[in-house]
Amino acid sequence: MSIINKDDLQELEKEATVLLDCRNLMDKFEESKRLVQSDEISGAVHIPQMPFMFKFDGINEGRHPLPEQSVIDELYRTLSNDGKYELLLFADDNSFFHTRLYFLFMLYGHDVYLFNDDLDALRAQADDFHDADVDLPIKFDSAGSVFSRDIHYSMETLEEKMQQNVLLIDVRSEDRYLGITEPIDYKKGHIPGAVNIPNSLIYTDGLLDLSAMDHALDKLNEYDEVIVYCGSGMSATPMFTLLDHNGINVKVYTGSFSEWITDDSNNVETSPNTLEGVHFNER
């Protein structure tokens with residue numbers, strides 16, 4: 699799994715690489731199609747958010763459940779032509795759709811590239827990439843899922859881990875974390891013990907800033923594990939991607955807050971928790 703920028707494109711064997719356009723608008727399926735159609739990138743295959751980034755009858759509860767292994771395996775097989783081609787994922791500024799799919803490919807054991815740079819640079823070279831004329835899969839088997847990497851936690855596992863030396867990070871906005879406002883879920887606040895590091899702090903000029911957490915890495919390494927979550931498991935993946943890139947033992951609680959609140963026995967906090975000795979500057 700590799701994160702690359704525009705300078706790395708020259709090292710790719712472009713004619714053996716397929717571009718995956720992960721641009722979407724959250725839960726807006728038709729609008730997402732129109733967005734991509736109005737600004738197509740030559741040869742790129744658009745990956746819709748459902749069922750390839752979440753699936754309503756997927757593995758966990760919450761608003762955006764994980765797709766089963768068969769969904770991601772079949773997507774990879776189709777796009778890579780059974781491994782003949784490499785896959786390069788991209789999205790637009792401040793996005794989490796490409797990191798979500800990147801996480802899913804990683805979870806199920808498929809190596810892909812993530813493009814983290816100015817989209818215009820990729821657009822200028824798009825004709826050099828393989829033009830994959832494929833139909834996305836629509837049928838998937840119902841076999842159980844096997845995770846190739848231990849990077850996903852269920853609610854039950856999270857509850858066990860919360861009693862151990864772990865750090866829980868909530869990447870939602872401060873207002874949602876504190877329960878001041880909640881535009882989507884029916885309860886306000888955060889999972890007990892979580893610290894708030896909003897996604898806005900890890901993006902610079904629309905791109906994931908892979909050095910944004912450098913000043914906190916020593917502190918994070920004091921924990922056995924770092925677990926990240928958001929509202930539904932989608933927007934937790936940029937922080938996961940950043941921390942994994944920097945060697946942190948990080949997991950995603952994929953059900954996130956929207957699953958946590960489905961169990962009435964689970965407490966919710968509205969008071970802040972801090973990461974001692976680490977300060978984050980708002981961007």
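Residue 699 is where the sequence shown starts when you use the working numbering, and the numbers rise one by one after that.
We treat Cβ as the ideally placed atom computed from N, Cα and C, and that holds for glycine.
Remember, predicted model here, so these are calculated numbers, not experimental data.
Measuring alpha carbon to alpha carbon, tell me which of the options ends up nearest residue i.
i       : options                            : result
Tyr-783 : His-828, Pro-746, Gln-767, Asp-962 : His-828
Ser-933 : Ile-702, Glu-713, Tyr-800          : Tyr-800
Gly-807 : Glu-766, Thr-968, Asp-737, Leu-707 : Glu-766
Phe-794 : Leu-906, Glu-872, His-943          : Leu-906
Ser-898 : Asp-883, Ile-878, Thr-879, Cys-928 : Cys-928
Glu-772 : Pro-749, Ala-824, Leu-723, Thr-968 : Pro-749
Gly-904 : Asn-944, Asp-706, Phe-813          : Phe-813
Gly-931 : Ile-701, Leu-707, Gly-756, His-943 : Gly-756
Asp-912 : Tyr-921, Asn-944, Asp-922, Pro-896 : Asn-944
Leu-785 : His-744, Phe-754, Lys-753, Asp-791 : His-744
Gly-887 : Asp-868, Ile-900, Thr-902, Tyr-901 : Asp-868
Glu-996 : Ile-882, Pro-890, Val-832          : With the chain covering only 699 through 981, there is no way to say anything about residue 996.
Tyr-774 : Ala-714, Pro-835, Glu-738, Phe-788 : Pro-835
Ile-701 : Thr-879, Leu-908, Val-893, Asp-780 : Leu-908
Asp-833 : Leu-802, Pro-746, Ala-892          : Pro-746
Leu-787 : Ala-824, Asn-758, His-762, Glu-759 : Ala-824
Thr-902 : Thr-879, Glu-709, Leu-940, Leu-918 : Leu-940
Thr-952 : Lys-753, Met-853, Lys-917, Asp-922 : Met-853
Phe-978 : Thr-968, Glu-920, Ala-914          : Ala-914
Leu-918 : Val-844, Val-893, Asn-792          : Val-893
Thr-791 : Asp-942, Thr-960, Pro-936          : The identity of residue 791 in the sequence shown is Asp, whereas the question assumes Thr. Of the candidates Asp-942, Thr-960, Pro-936, the one whose C-alpha sits nearest the C-alpha of Asp-791 is Pro-936.
Which two residues bound the contiguous beta strand (DSSP E) that contains residue i?
i       : result
Thr-715 : 715-719
Could you tell me the alpha carbon to alpha carbon distance between residue i and residue j, rounded to whole angstroms?
i       : j       : result
Glu-751 : Ala-910 : Before going on, a small fix: residue 751 reads as Met here, not Glu. Cα-Cα distance, rounded: 25 angstroms.
Thr-855 : Ala-822 : 45 angstroms
His-850 : Met-860 : 15 angstroms
Ser-963 : Arg-847 : 30 angstroms
Ile-946 : Leu-777 : 30 angstroms
Lys-885 : Tyr-875 : 11 angstroms
Gly-741 : Ile-770 : 21 angstroms
Gln-735 : Pro-970 : 43 angstroms
Thr-972 : Leu-865 : 11 angstroms
Ile-925 : Ser-956 : 16 angstroms
Val-810 : Cys-720 : 13 angstroms
Asn-863 : Ser-871 : 25 angstroms
Asp-705 : Leu-817 : 13 angstroms
Leu-723 : Arg-761 : 15 angstroms
Glu-713 : Val-950 : 34 angstroms
Leu-710 : Asp-826 : 10 angstroms
Asn-779 : Glu-923 : 36 angstroms
Lys-753 : Gln-708 : 36 angstroms
Pro-763 : Tyr-921 : 27 angstroms
Lys-726 : Glu-974 : 39 angstroms
Ala-841 : Asn-758 : 16 angstroms
Ser-768 : Arg-732 : 28 angstroms
Val-976 : Asp-831 : 49 angstroms
Name, in chain order, the residues that DSSP records as bridge partners for residue i.
i       : result
Ser-700 : Tyr-811
Tyr-951 : Tyr-851
Phe-788 : Asp-719
Val-743 : Leu-718
Lys-782 : DSSP output for Lys-782 lists no bridge partner at all.
Glu-679 : The shown model of the chain, from 699 to 981, leaves out residue 679, and the question about it has no answer.
Lys-726 : Leu-723
Would you mind reading off the limits of the alpha helix (DSSP H) that contains residue i?
i       : result
Ile-946 : No alpha helix (DSSP H) contains Ile-946, which DSSP labels as neither H nor E.
Ile-770 : 767-778
Arg-798 : 795-805
Residue ranges of each alpha helix (DSSP H) within the segment 874-932, 4 or longer: 915-918
Ordered list of beta strand (DSSP E) runs contained in the segment 822-881, each at least 3 residues: If we require 3 residues or more, the beta strand (DSSP E) runs fully inside the segment 822-881 come out as 864-868.
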